[in-house]
Amino acid sequence: ISSVVRAVSANGKLNEEAGEDVLIILSPTSPEEMIAVRGLVDKYGDDRPVIVVNGQFDPMPRELIGAEVVYSISPLIARSARNPNNPMRREPTEQEQEE
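Sequential numbering from 716 applies to the sequence shown in the working numbering.
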């Protein structure tokens with residue numbers, strides 16, 4: 716935990732001179748990433764917009780309880796277990812299998 720906090724303290728800084736005024740965090744899912752998000756939201760959440768894209772936290776961190784979900788999408792990946800090279804292949808019916 717302390718290494719995550721140190722990393723966020725050292726690297727999680729907005730460059731105000733460059734006009735950075737929005738913090739965007741992409742796909743945080745691990746417990747370490749949740750700690751980092753909590754620290755960044757605590758640091759910047761009152762002054763600047765913080766956008767979390769595809770955050771998958773269970774349970775939701777208390778720092779994000781008051782957050783507004785504007786759009787949420789989960790990735791959908793489909794792959795044939797039998798023949799990954801032809802995802803459009805139709806499976807044979809029972810009658811076709813008996814022939």
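We put the beta carbon where it would ideally sit given N, CA and C, even for glycine.
Item checked: Chain-order list of residues whose beta-carbon lies under 6 Å from that of Leu741 (same chain, five-residue window excluded) -> Val768.
Check: Is Val784 near Ile750, with beta carbons less than 9 Å apart?
Finding: With respect to the 9 Å criterion, Val784 and Ile750 are not classified as neighbours on the basis of their beta carbons.
Notebook entry, point to check: Under a Cβ-count criterion, where at least 16 other Cβ atoms within 10 Å of its own Cβ denotes burial, should Val680 be classed as buried or exposed?
Noted result: Here the chain covers residues 716 to 814 and nothing more, so residue 680 does not appear.
Notebook entry, point to check: What are the uninterrupted segments assigned as beta strand (DSSP E) that are 3 or more residues long and contained completely in the region 720-769, given in chain order?
Noted result: If only complete runs of 3 or more residues are kept, the region 720-769 shows the beta strand (DSSP E) at 738-741, 765-768, in order along the chain.
Next item on the list: Can you grab the Cα-Cα spacing for the pair Leu731 / Gly760, in whole Å?
Entry: Per the sequence shown, the amino acid found at residue 731 is Glu instead of Leu. Cα to Cα, the separation comes out at about 15 Å.
Next item on the list: Go through its chain and collect everything with a Cβ distance to Glu735's Cβ below 7 Å, but skip five positions before and after it.
Entry: Cβ neighbours of Glu735 within its own chain (closer than 7 Å, five residues either side excluded): Leu729.
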